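Numbering (full-length UniProt numbering), first residue to last: 1 to 519.
In structure tokens form, the structure reads like this:
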């Protein structure tokens, strides 16, 4: 008959009674121990369940991290267990683990999370497979076991690092296979005959035709899919293209041990912080695999990317008046701040002019910020002084404003949708934020796809909207005229009254679409 381990010193025995204590099982296996007898998921579950039943506990839930590392930041179920323990009322009274090295392999992490669960949350921690002692000896034994677990983890990590360094110096590829390559039978990178031509094309286009990453992403999206997101149907993003063009792997160079990750446990839940190691710690192997581009082409591409980035240099504080409101009247793209020489006369330039130089928006569609500021402020004054219908909002001595074509507006919405997807893929937006903004853009697209209303339709509602708009402008004008207000504050109030500003240099027009009238 099997004899169950004795209860640990940290848990006082309870007198027999009808009420059972609620326990959860925490089970973890890493890939190197899954096959080891006694430490597989089924084996741990069986031992823990038997012990709970024999010692007066009822198992209410399991948290299983399968194939995860010992680092707390890499264990989603461990983090979920901590979050559940914080709930009120607390859903369980004890956490059962097989051994302390299943709970944590780092003495500092072990101390933090044991203190959190035991002292702050009042949850018992029981490692049924480790020796148990009472009193001060029990506390000492537990800490010794934590240190031994950390020592074993460090030895394993050092062994893995040495092995990985050896493989890297031998030319083996240790990470995710870059686009344009495949792994051969020896574990080294080899040219992917289907993808490599696209990589060479991108480097050539950027270095010779000065095509930007946005244009390359658009071209790739017509026929190529990003390798890691094929199943989800995501397109190439400008960020992915930029990372590809900046990656020296395409010159035949392999770099390993360039990045590191630390874990911040101060908040009770671990947070990953990534960064770059000192270059002296990098493992760099030249000519480790076939190069897809020459080093000369790679360096030329880097210079062009730097120059294109300078064209869209922002103001020192990263903001400028009318940011996000100015639209190109020909293609529907935004106008962006451009001041490559850091001179006194910056411009707002259609981004499509730089992205596909020989295709769209020629000649340059642009306007100086000061000129646009004068036009907008004069338009607001005319709106306040006039009665009845809106006044003409054309530039003085220039042609009558032309409306933005519906097709251009729809194209603008599509581009905004794609940028929204790119931002979600990059982790900038949460799922909730993504859904909210996506719904707003879908509504705008549906509105633009509706047939245009007949002249004179809804005149009464428009008069009411104009009246409300005038009231809002009176409220925001003091902020716009205040020299002590920041550009960010002014942009906030501008967005409250202006939906977009359409600039078209073909007919020298500037058209303001007021927010109250956009429907």
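Ideal placement from N, C-alpha and C gives every residue a C-beta, glycine not left out. Keep in mind it's a predicted model, so treat the numbers as computed, not measured.
- Around the beta carbon of residue 241, a 10 Å sphere encloses 16 or more other beta carbons of the protein chains shown; the residue is thus reported as buried.
- Your pair residue 510 and residue 476 does not check out as a contact, with CB atoms roughly 19 Å apart and the cut at 8 Å.
- Nearest to residue 64 by alpha-carbon distance, out of 365, 27 and 280, is 27.
- The residue from 282, 321, 116 and 92 with its alpha-carbon nearest to that of residue 483 is 321.
- Per DSSP, the continuous alpha helix (DSSP H) segment holding residue 54 begins and ends at 41-54.
- Distance from residue 325 to residue 501 at the Cβ level is roughly 5 Å; contact confirmed, criterion being Cβ atoms closer than 8 Å.
- Looking at the DSSP output, residue 62 sits in a beta bridge with 25.
- Under the DSSP assignment, residue 514 falls in the beta strand (DSSP E) whose first and last residues are 509-514.
- With contacts defined as CB atoms closer than 9 Å, residue 248 and residue 298 qualify as a contacting pair.
- Take residue 94, set aside five residues on each side of it, and the residues of its chain with a beta-carbon closer than 7 Å to its own are 21, 23, 57, 123, 124 and 126, in chain order.
- If you draw a straight line from the Cα of residue 351 to the Cα of residue 479, it is about 29 Å long.
- In the three-state reduction of the DSSP assignment, residue 192 falls in the coil class.
- Here residue 76 is exposed. Its C-beta has fewer than 16 other C-beta atoms within 10 Å.
- Just so you know, the alpha carbons of residue 66 and residue 101 end up roughly 15 Å apart.
- Straight-line spacing of the CA atoms in residue 183 and residue 191 works out to 8 Å.
- In the three-state scheme derived from DSSP, where H, G and I count as helix and E and B as strand, residue 327 is classed as strand.
- When the five nearest sequence neighbours on each side are left out, the beta carbons in the same chain lying within less than 6 Å of the beta carbon of residue 411 are those of 332, in order along the chain.
- The alpha carbon of residue 508 has as its nearest neighbour, out of 467, 514, 328 and 472, the alpha carbon of 328.
- Between the alpha carbons of residue 304 and residue 204 lies a distance of about 11 Å.
- Taking the Cα of residue 172 as reference, the smallest distance to any Cα among 470, 50, 488 and 253 is reached at 253.
- By DSSP's assignment, residue 500 forms a beta bridge with 513.
- The straight-line gap separating the alpha-carbon atoms of residue 473 and residue 435 is approximately 31 Å.
- Residue 499 is a Cβ neighbour of residue 515, given a cutoff of 9 Å.
- Here residue 94 is bridged, per DSSP, to 23 and 124.
- In the structure shown, residue 207 falls within a helical segment according to DSSP collapsed to helix, strand and coil.
- Cβ atoms of residue 121 and residue 90 come within 8 Å of each other, at about 7 Å.
- CA-to-CA, the gap between residue 290 and residue 302 works out to about 20 Å.
- Residue nearest to residue 491 within the set 471, 468 and 323 is 323 (criterion: CA-CA distance).
- For residue 292, there is no enclosing beta strand (DSSP E), since its DSSP letter is neither H nor E.
- Taking 9 Å as the cut-off, the beta carbon of residue 213 is found closer than this to the beta carbon of residue 239.
- With 16 or more neighbouring CB atoms inside 10 Å of its own CB, residue 196 falls in the buried class.
- Each residue's CA atom was taken as its position, placing residue 383 and residue 414 some 32 Å apart.
- Counting only residues of its own chain and dropping the five nearest sequence neighbours on each side, residue 103 has a CB closer than 6 Å to the CB of 97.
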